[in-house]
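Working notes, beginning with the structure itself.
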Amino acid sequence: MSARLARAALWLTGVLVAAWLVAPTLVVIPLGFTDKVSLTFPPTGWSTRWYANFFSDPAWTAALANSLLVGVLVAVVATVLGTAAAFGLSRWTSRRGAAAARVLLLAPMIVPGIIVAIGVYAVFLKFQLAGSLAGFVAAHTVLALPFVVVSVSASLGTFDVRLEAAAASLGAGRWATFRQVTLPLIMPGVVSGALFAFVTSFDEVVVSLFIQSPALVTLPVQMYSSVTRETDPTLAAAATMILALTTVLVTGGLALSARRNRAR
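Numbering-wise, the sequence shown is residues -2 to 261 according to my numbering.
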């Protein structure tokens, strides 16, 4: 009986902590449907005018398109580089060298974003990359790469290297072995890493604020600018759409990870 009570107490504590963390985020959703011209909670009436305003305003739609474009490009680049890095780390014979390389690859997850932003801004000014699409993709890839490395490394950790030896014994080359044997088996980790890379880029605001230009503004930067100029509920509508998109993608990534664990 005491074990059941302890388990129930743990579940209750977990639910309360989760509610405490999620509740402030969920407040944004009704704010996007208010009929008022300011952010007032709770709403006294309901309307979809702010979503219509979002999709009819060129500034908001352009920012959304920029975020989607940068996010997709970052997901592709970070997935390719992160998969190659994780594969190299798993094959590195020197444990100390692999550990040092892993620390460097995962550093963007630990270093405060403002420090990364200042460093990126200084370098990009010298090479005239600030405000360019290539600059955004490069900067966001640095931030997204660790998530791909972690996800793919987890898949490689459960991969049976004897399958590669068997493929090689049958005459398959290294590229054919990777493409037909290794990659399909680690694909859940690769896809999870790509999803997290996209979400990381789509949500990034600190670095984007430093390297933005009038010609290229992402959605989080547009939201930040909207807060400093005006505070109409279009901001809440944009935040709700970001919340929905990132929730779907992160849930998909977690589902793939759970599927991989069940298969293991």
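Backbone N, C-alpha and C fix where the C-beta goes; we use that ideal spot for every residue, glycine too.
Asked	Found
Integer-rounded CB distance, given that residue 186 should sit under 8 Å from residue 151	6 Å
Straight-line Cα distance separating residue 247 from residue 97	29 Å
Three-state secondary structure (DSSP) of residue 17	helix
Counterpart residues of residue 43 in DSSP-defined beta bridges	31
Reference residue 197, options 156, 217, 180, closest by Cα	217
Reference residue 100, options 68, 58, 147, closest by Cα	147
Inter-residue spacing [alpha-carbon to alpha-carbon] between residue 231 and residue 44	12 Å
Exposure of residue 35, with buried meaning 16 or more beta-carbon neighbours within 10 Å	exposed
Contact set for residue 62: own chain, Cβ-Cβ below 7 Å, skip 5 residues either direction	none
Environment of residue 68 [buried if 16+ CB atoms lie within 10 Å]	buried
Boundaries (first-last residue) of the alpha helix (DSSP H) holding residue 86	55 to 88
Inter-residue Cα distance where the pair is residue 91 and residue 84	14 Å
8 Å contact criterion, which residue 203 and residue 111 should meet: CB distance rounded	6 Å
Rounded separation between residue 56 and residue 234 - CA only	14 Å
Cβ shell of residue 102 (< 7 Å), same chain only, five flanking positions each side left out	82, 142, 143, 146
Among 155, 195, 168, the one whose alpha carbon lies nearest that of residue 179	155
Simplified DSSP assignment, three categories, for residue 126	coil
Nearest-angstrom Cβ-Cβ length linking residue 132 and residue 192, presumed shorter than 8 Å	Their Cβ separation, rounded to whole angstroms, is 23 Å, which puts residue 132 and residue 192 out of contact at 8 Å.
Strand pairing of residue 213, partner residues [DSSP]	210
Collapsed DSSP secondary structure at residue 175 in the structure displayed	helix
Exposure label - residue 158; buried when at least 16 CB within 10 Å	exposed
Beta-carbon proximity check, residue 60 vs residue 215, cutoff 8 Å	yes
Rounded separation between residue 243 and residue 20 - CA only	16 Å
Proximity of residue 201 and residue 140 at Cβ, strictly below 8 Å	yes
Three-state class that DSSP yields for residue 235 in the structure shown	helix
Three-way DSSP call (helix, strand, coil) for residue 161 in this model	helix
Per-residue burial, residue 190 [other beta carbons within 10 Å of its own, 16 or more giving buried]	buried
Helix, strand or coil at residue 91 according to DSSP, with G and I counted as helix	coil
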